[in-house]
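The block underneath contains the structure these notes are about, expressed in structure tokens.
Here it is as structure tokens:
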């Protein structure tokens, strides 16, 4: 039972929380006066890109072809500036340089952000195939537009295709944050490192996990609760996990994986095969095979 | 590597994104100057209905019986106007009429929205049974009110019972959007078409999927990760999925389905039966049967 | 088909919804003029504590050691006042006292809130071990800070460790609401009553459920879709569920439970054991055992 | 020149500002845990009353007679609660009671707030005459509604008629704050104590001042820059201003005072008289006299 | 003294306020389901135009020539749509048509709003001369940009030049509302009807009034508290004010009017003349004359 | 009459507004990628300082002595960072350097902001005397606290004492913006350059103007509509106004200036003198003289 209550007690708690021993492992001293990355800013970044990619569906709801340029341009300009700043913050978060060479970092950040922006037309083209895949893949869907408005698959892939481009550009921290935003909204957990082909669709999606080193082909369809995970985690001599090894499945073109299936390790699921619901797979599957629930 | 950075590069990207070829499949030209449906407006619509159905729990937290009329009336009036507008937008989204007969659409929208509103007392009555079901069905629950405040089952069913009424009124697009809002918040994915009886409860709920043509009786309880899905998707001669066929389970009164169970196809789970955890079911189950995990 | 539309119809609906028979089971008459608990206030409470526990990561993103005291102190002061008020509201929600002794309730609320605040340094210490566990347990993680920013495990445990302290202080209603906030964001459903040791990590997490009377040791790792649940619900003579009995698993130190595993009932999973994916367990497991997917 | 910069300097400044000697005359120790009055809450209070008095012009812009009751009722209910709370805070601001008799204060506050609310129909009736006066008095006005939307005279009188009722009920502090809100928006400074008859109009209004003990009859029109002030401030023996004496003009029915005129002291401006622009008056004026600019 | 308090009293007040007799003169029944004009929307309209006219100073603060097009285009598009809607609402506010010909009104509104938009480059050109006039006219000003950021003269003229164009297009209600917004912010009251030439400057400005039928030449400078008003208000036989007659001064090029001067009636202040502070003028002044304070 | 309407017309307008000739005098090309100063940020800066200076009256309304440190510290820390950034932006606005030496500018900005912060205890001390002056000077005032809550004199002086310190530190642009914020709210226009002694009070205040080079002693009281202005503006040989010359009055200790008085030029109003309402003064006044309205 505490002997103080209210303000005097709070004063003690504040002091305790401000001792270096207390905060050292949950606080990151920012380098070079650069603030920490901002979840709010990254959320705005994604919202603006969503409005750029799907004009009218998100952002301004009265866009016409004649005025589209302004809305897309305005959103892109702000999104670009947010990205430059957040790339810098993410970089500084890991920075160990003693001396200030931030000027180089700034020009790097602009170069990377520009590189990313140049990929947007391609990202939209991919997402348009995902929209098509969702429409044809779900008997309950009435129009491609409906899938843009509210299908978790499209939400998750919008985040993922953005995050994956940033991942390929070796941006620190930001891609994972963007991926986890989609995870929170949709229950679909795709690591930004996963390589995913066109016409991809995840129906329902809750609980589906796609690991960092997955490679997924074209026209693949997953259902809820599917795991494309790692089987084991190699450790180095000191028992520390070795990070970065290819450890997740390769899923070839035209594969369907039904709900609750678990596929673990660097195995290959051959083109056109079907993995049944709740099935547990830790070996490669030949092309065209139908692996069904044993029961 | 891009050769331009910053503003000049953005100008190129904007132009690329504004070419009709780029945007045509991810942009919907609004008809008759009608804006696209708005997720924000629909979110407000649901919040206002939630405050109407559960006065004091949501919306104004100091409602008294004497002042209840004002708060309910104000919320209903605004919700009604939002609904009329969004029904119109949803309708226009699919509209293919060459000539302007929007005047008819407006009076249709008002009629439909009024029809929906007239169902609210009945919807509340159903939800009150769901609250009771959540309270008696969860040993950890301390009062019915607790389930209103925070149980995902109540959140999902509030959305569903609203969306289902709109679905029955043949409203386009809006019901699905409302259903997916609940899916995002709770991980429970109920298609607006599903017919669900009174006293329904889903415990924990994450990952549970209930398909469009499901028919669920009274006093049914599900757990997390349960799938009431389709077994196969009939295709027409051209290989296109045939939409709208009855393809999901019928679950009769007093059934319990434990976590992770998968029930697929137009099968009937007989009254009073129990489906064990992780069980995979693709056939009808007689009334009163206990189908348990084989292990 | 309704015969009225628009305002006249709404008037009828409002009257129907304001009849006592309609609202009585979905409305709670506040006692002693005390408003109902507020989800918005509780959400701010958690956000401020998150900024207190992980300074710089959340809340103000430019905190320095010299100014940390102010930001932590300001957040704590406001969080304390919110907590006092919400404890009171939660208490009044269940209050059945005929006479007004609210003065005692207020001083109780302050005492309890102070008691809670005094536990914050200890909660942070535990969460720092959870951060460490997430970092070492996930090969895809690049720094402990990354897990603070966006891992659902850290989000869920921040909520849980807060909610559990309030649960231990017998606070009504509030702990469950805080737990369900995390459930909505992460898909991880931990009952505030669960006792969880240090260095706890849930990878991916969607669909994982941890019941009220679980006891979890140190250094335990779970994956997505794991259920630590109850096997059956004892009923009293009248058929009413008996609430509060120990009915969930005990998981000892250093246990790993892979995705989709289900452990039910008051069983003990011995120290150092490994439970394979999708496994169904309803008996105790000896220390050190590896219980794998039978397939 | 300071020797420290940034955080270390701030620490010194904070300490200096937290010494009692520094803050004692600019800080008010709240009594009985009651917070200080809130300008934001009072601003909301006035906005809600404005929407009640002029339905459709302010607040919800689609009010119809059939739904008016809900919007007015909802706004009144919230406004009433704000008022009770702010009356209490204002009262506590001046409270010197050693012992806690806050229970009486609360019931007083409810009684006073109810008394105030019961005057609203009468306040609206008066303001309707002011609207009429603005419309007929300004050749540039095209409809009475235009004056409700944007005439500073109506803004200032809405605040004043609210503030004056509170002043008459001996509410502390709140009336003056409400009056100053209008002063800031319109440049018209009316003390809440001033008694103003029906059909009152101030054209343009900037710089017009109406003192605490003014009494203004019916159908009076003022212009910008008019002062109805005090001539001298009687002091008591110790040289302190004596507060509360009648010291401002009485302006009888049907008087017009043109821009820039100054009328000082407890003089009477007789019915139907006209005071010219820039005129300086410190004596009573007989009824019907036209006192013009001497030039 | 009221006999009821709280909710029961409120119920009575609500009923009293909802009697037609009470609300009829302070409520405007909207025609054709069109909502009332919205002050919030008009405020956004002006803010977006301000950002269009002075890019970088208002709205996005990082505009570059290369990206200017997007930000200006986006703001203009939204401002145009707001204007169309508000013109319609303003028009409906005065509409007396029995039959619905709203379709014509909509196309009128679009035509008028387009006409207005086409004047923007000219408005900006005029405002650029006002900026120059403020800079050269105020010895305390350090750069033209400083006057854009914060001089009340520029704020008032931005509103006025917008409102005046709308006035010339015979838009109802909206121009006056826009003018009064500036009056509230700056204390400068310019009627939208006033015709004002280029290079206009009002120093300090509080209390300055410029009437509806004023005509002001080029390069005119006013100070605070200047009135350009009407001398008398001609009435028709029934004693009603005749609206719309030319009744305010003509001020020719290069005139200076010092603070507190009052000029009344349809007089002409000749080119290059100077009117001293506090001077009262009701006759025409020849070109070049210096009319000083007599004292 | 425009020949295009809607989107095509807007496209033309946008192009016209983006021609360099159109925007060159109303757009400022930011140097070194530094954004323009932000009115929103400066507004937040002032609000935070107001909460620091008058704890409890503004900002958090439940501050207690024990928790004051946190709230003041948090507000100061954020205010300091805003100030550093805005000083930089203001500086860059005028920067003409070809080469980048922004690093020096940043360290200058921190030094200046720190210097400013170190003056806060002194500013508060001065403002406490102004509060006292308002209380004793206004017979209608019931407590010093009332003047803090809502007297325009206190609002204007809070802004002024902040702006004047920044002015003394040669900060560009920012002081004037802060001064004009108060002008907009109160109608009191004090140039940041004016030197004002302790115990200063302006009653009512609307329309009062205090010029850049004014020097005002202790215990001075002004009323509404008072001008302390310049008589003439010396021009250089080319006819350009010479900026920065002492040209406004010196007002010595214990002077009272009544409403509407105008004092122009570098004259001295001797200690203890009284200037009557509406009086026009362009010469020095000896100490102790009472200069009254001649009438």
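Residue numbers (full-length UniProt numbering), protein chains in the order written: chain G, 1 to 295; chain S, 1 to 295; chain C, 1 to 295; chain V, 1 to 295; chain D, 1 to 295; chain B, 1 to 295. C-beta atoms are modelled at their ideal positions from N, C-alpha and C, and glycine is treated no differently. Only a predicted model underlies this, so the values are computations on that prediction, with no experimental measurement involved.
Counting only Cβ-Cβ distances below 8 Å, residue 37 of chain B has contacts in chain D at 61 and 149, in chain order. For residue 263 of chain V, the enclosing beta strand (DSSP E) begins and ends at 262-264.
With a threshold of 9 Å between beta carbons, residue 173 of chain D makes no contact with chain S. For residue 204 of chain D, the neighbours in chain B by C-beta distance under 7 Å run, in chain order, 189 and 209.
Just so you know, the alpha carbons of residue 140 of chain B and residue 240 of chain V end up roughly 13 Å apart. Residue 221 of chain C counts as buried, since at least 16 other C-beta atoms from the protein chains shown sit within 10 angstroms of its C-beta. Here residue 71 of chain B has 60 and 63 as same chain residues with Cβ atoms under 6 Å from its own Cβ, once five neighbours each way along the sequence are excluded. Remark: fewer than three beta-carbon pairs, one from each stretch, lie closer than 8 Å, so the segment 266-274 of chain B and the segment 3-17 of chain B are not flagged as touching.
Taking a Cβ-Cβ threshold of 7 Å, the residues of chain C close to residue 74 of chain B are 70, 71 and 74, in chain order. Taking a contact to require three or more Cβ pairs closer than 8 Å, the segment 194-205 of chain D and the segment 127-135 of chain D qualify as touching. Contact annotation for residue 8 of chain B against chain G: 66 [CB-CB distance below 7 Å, chain order]. Considering only S:250, S:95, S:144 and S:84, the residue with the shortest C-alpha distance to residue 169 of chain S is S:84. Using a Cβ-Cβ cut-off of 7 Å, residue 11 of chain D is close to 66 of chain S, given in chain order. Using a Cβ-Cβ cut-off of 7 Å, residue 81 of chain B is close to 62 of chain C, given in chain order. Scanning its chain for C-beta atoms nearer than 8 Å, with the 5 sequence neighbours on each side dropped, one finds around residue 284 of chain G the residues 267, 268, 269 and 270, in chain order. By the rule that beta-carbons nearer than 9 Å mark a contact, residue 234 of chain V does not touch chain D.
Taking 9 Å as the CB threshold, residue 56 of chain D lines the interface with chain B. Comparing alpha carbon positions, the residue from B:81, B:27 and B:74 closest to residue 51 of chain D is B:27.
In the DSSP assignment, residue 227 of chain V falls within the unbroken beta strand (DSSP E) covering 227-229. From the beta-carbon of residue 130 of chain S, no residue of chain V is found nearer than 9 Å; the closest lies around 27 Å away. When the Cα atoms are used, residue 224 of chain S and residue 289 of chain G turn out to be separated by approximately 30 Å.
Annotation for residue 50 of chain D: the continuous alpha helix (DSSP H) segment containing it runs 39-53.
In this structure, the straight-line span from the alpha carbon of residue 77 of chain G to that of residue 184 of chain S is close to 30 Å.
When C-beta distances to chain S are compared with 9 Å, the residues of the segment 133-164 of chain G below that value are 136, 137, 138, 139, 140, 141, 142, 143, 144, 145, 146, 148, 149, 150, 151, 152 and 155, in chain order. Against residue 288 of chain S, chain C offers no close residue; the least beta-carbon distance is about 18 Å (beta-carbon pairs closer than 7 Å). Interface with chain C (9 Å Cβ-Cβ cutoff): residue 251 of chain V is excluded. Shortest Cα-Cα distance from residue 191 of chain D to any of D:214, D:172 and D:207 involves D:214. Taking 8 Å as the upper bound for CB-CB distance, residue 66 of chain D and residue 16 of chain S are not in contact here, some 16 Å apart.
Classified as exposed, residue 24 of chain V has fewer than 16 neighbouring CB atoms from the shown chains inside 10 Å of its CB.
DSSP places residue 67 of chain S within a helical segment (H, G or I) once states are collapsed to three. Rounded to the nearest angstrom, the gap between the Cα atoms of residue 219 of chain B and residue 147 of chain V is 42 Å. Counting C-beta atoms within 10 angstroms of its own C-beta, residue 244 of chain G has fewer than 16 neighbours from the protein chains shown and is therefore classed as exposed. The shortest CA-to-CA distance from residue 110 of chain G to any of G:171, G:154, G:125 and G:69 is the one to G:171. At least one C-beta of chain B is nearer than 9 Å to the C-beta of residue 259 of chain D.
Contact of residue 254 of chain B with chain V is not assigned, every C-beta pair being separated by 9 Å or more.
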